[in-house]
Amino acid sequence: MKAAFFKEHGGADKIHYDDYRDPVAGAGEVVVRVRACALNQVDMLLLDGRFPPPEGLPHVNGCEVTGTVEAAGPGVAGLERGQRVVIFPGLSCGRCEYCLRGERTVCVRYGYLGAHRDGGYAELVKAPADNLLPLSEAITFEAGAAVPLAMLTSWHALVVQADLRPAQTVLVQAAGSGVGSAAIQIARLCGARVMTTVGSDDKIELARALGAERVVNYRTQDFVEEARRWTGKRGVDIAIEHIGGDTFERSVYALTRLGTLVTIGSHDTHWGRLDLRHVYSKNLRVIGTNLGSITELATILEHLAAGRLRPVIDQAFPLRDAQAAVQHVLDRKNKGKVLLLP
Ligand SMILES: [Zn+2]
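Its first residue numbered -4, the sequence shown is counted upward by one per residue in my numbering.
Next up, the structure:
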């Protein structure tokens, strides 16, 4: 098959579009013919070596995949060749202490499709049959590929971890990102009010269209000051943070008493300082989370099919132009998800 893979770490120029080993379905596994694969920030960390692929190089990125069933390995039942599917990207053992507690995202053998094994920047990809969900005809392959990581992570962060309630106020960092554009919509779906940040004025309109009440350009405005102004000096109930560094540190100052900061990524840096005085004196909660459950993904797909959630798609590139697609994301030119189509 053809795939866009890398043999050494670096920038977009390290990605080669060429022949690559065909995936073979083992017991309990399925090979899926990729119809759409979305790019993610984690792809960039895998590519540049900040998060080297655990199984080594060469490696194929791509965590968010839709496609059709191509072949099933031994012991797989209930799937037909050609069936439309979306792949849940979390890989877990199902047997460790945390899996048995129902917390599969902290499985001691946890992994992601596209990180801990080859992903969807390819014509074919292999995944456990248990990770497949049917993709309804009401959802395009492109829209389906835009949700399994970004929208699911935002959903889990807001609905499950932060326990978001109607009329609460939420600060969402980076409206133009996959998790940001998803978090704004999910917060609105829950009846919350949203303030968000953008890095350039041309993303303000998108943020408003998604339902953000207040949009702040963090390069020219102080988002902490703006959050105070927006809430009448009170501060926001919940902050969704995925940038790290100064943005993480300052997001804590935007919270009201008993507020919750959920960290779901570290797209600029893995480090962030925490002003402990604010955490204990205001009884703040700082929560980490990653991904969500396959049942939450099924719920999101229902909202998608009904038109209540709409992934923001910036642009789709042919798989052979994966270099250009990755450069587009590295340059932060995208407003929403970037896709590869084999
Ligand atoms: Zn486990």
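We put the CB at the ideal spot given by N, CA and C, even for glycine. Just so we're clear, the structure is a prediction, and the values are computed from it rather than from any experiment.
{"Check": "Chain-order list of residues whose beta-carbon lies under 8 Å from that of Leu325 (same chain, five-residue window excluded)", "Outcome": "Gly6, Ala7 and Met39"}
{"Check": "Gly283, enclosing beta strand (DSSP E) - first and last residue", "Outcome": "Arg280 to Gly283"}
{"Check": "Cys32, enclosing beta strand (DSSP E) - first and last residue", "Outcome": "Glu24 to Ala33"}
{"Check": "Assigned secondary structure, Gly57 (DSSP; H/G/I helix, E/B strand, else coil)", "Outcome": "coil"}
{"Check": "Contained alpha helix (DSSP H) runs [length at least 4] in the region 155 to 197, N- to C-terminal order", "Outcome": "173 to 184"}
{"Check": "Beta-carbon spacing of Val120, Thr63 below 9 Å", "Outcome": "no"}
{"Check": "Three CB pairs or more closer than 8 Å across the region 152 to 172 and the region 95 to 108", "Outcome": "no"}
{"Check": "Assigned exposure category for Leu108 - 16 Cβ within 10 Å defines buried", "Outcome": "buried"}
{"Check": "Beta-carbon separation (whole angstroms), Pro123 vs Val81, contact threshold 8 Å", "Outcome": "Rounded, the Cβ-Cβ distance is 14 Å, inconsistent with contact."}
{"Check": "Cβ shell of Val145 (< 6 Å), same chain only, five flanking positions each side left out", "Outcome": "According to the sequence provided, residue 145 is Ala. The question's Val does not apply to it. Excluding positions up to five away in sequence, the list reads Gly173, Val174 and Ala177."}
{"Check": "Those residues which DSSP pairs with Gln310 across a bridge", "Outcome": "Val333"}
{"Check": "Range covered by the beta strand (DSSP E) that runs through Phe46", "Outcome": "Phe46 -> no beta strand (DSSP E), and no H or E assigned at all."}
{"Check": "Closest Cα partner of Asn56 within the set Gly77, Lys9, Leu296 and Gly21", "Outcome": "Lys9"}
{"Check": "Pair within 9 Å by beta-carbon distance, Val189 and Ile179", "Outcome": "yes"}
{"Check": "Secondary structure, beta strand (DSSP E): runs of 3+ residues fully inside the region 68 to 148", "Outcome": "79 to 82, 119 to 123 and 127 to 129"}
{"Check": "Per-residue burial, Val19 [other beta carbons within 10 Å of its own, 16 or more giving buried]", "Outcome": "exposed"}
{"Check": "DSSP three-state assignment for Arg303, whether helix, strand or coil", "Outcome": "coil"}
{"Check": "Any non-hydrogen atom of ligand 1 closer than 8 Å to Cys58 Cβ", "Outcome": "no"}
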